[in-house]
Amino acid sequence: MQTLTDLRRAIAADPAAFAPQYEYHNETRNDRWIVEYMFPGKRSGYFIEAGATNGISGSSCYVLETELDWRGLCIEPNPEFFANLV
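Okay, here's the thing in structure tokens:
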């Protein structure tokens with residue numbers, strides 16, 4: 016079993032290996048969970064995002080679209096957020 020000290024040494028030796036692979040935008044990291052656990056390695060899929068805000072900040076699917084070539088439908092019922100939907 017790897018100790019915390021071993022892990023710190025490994026990170027110090029190669030920090031890029033432990034950095035997130037993508038830039039995530041959802042404040043609760045739902046997007047990271049979707050990419051890493053629900054669809055690991057999946058490219059060119061389709062999504063529907065309800066409550067998309069502006070399509071970037073707070074989005075659970077923006078990383079899928081921009082980094083993994085997914086396409087989808089963003090739905091936002093709030094008129095103020097919808098006006099800024101990209």
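Numbered as in the numbering used here, the sequence shown ends at 101 without a single skipped number. The beta-carbon is built from N, C-alpha and C at its ideal position, and this holds for glycine as well.
Review point. Which class does A28 belong to by DSSP, given the choice of helix, strand or coil?
Key: helix
**Study point:** Which of helix, strand or coil DSSP assigns to A98
**Key:** helix
Check your understanding: With distances taken between CB atoms, is the gap from G70 to L100 smaller than 8 Å?
Key -> yes
Exercise for review: Taking Y77 as part of the alpha helix (DSSP H), name the residues at either end of that continuous run.
Suggested key: 77-82
Practice item. Drop a sphere of 10 angstroms on the beta-carbon of L79, count the other beta-carbons inside from all chains shown, and report buried for 16 or more, exposed for fewer. Key: buried
Practice item. Would you kindly work out how many angstroms separate the C-alpha atoms of R58 and A98, rounded to a whole number? Key: 29 Å
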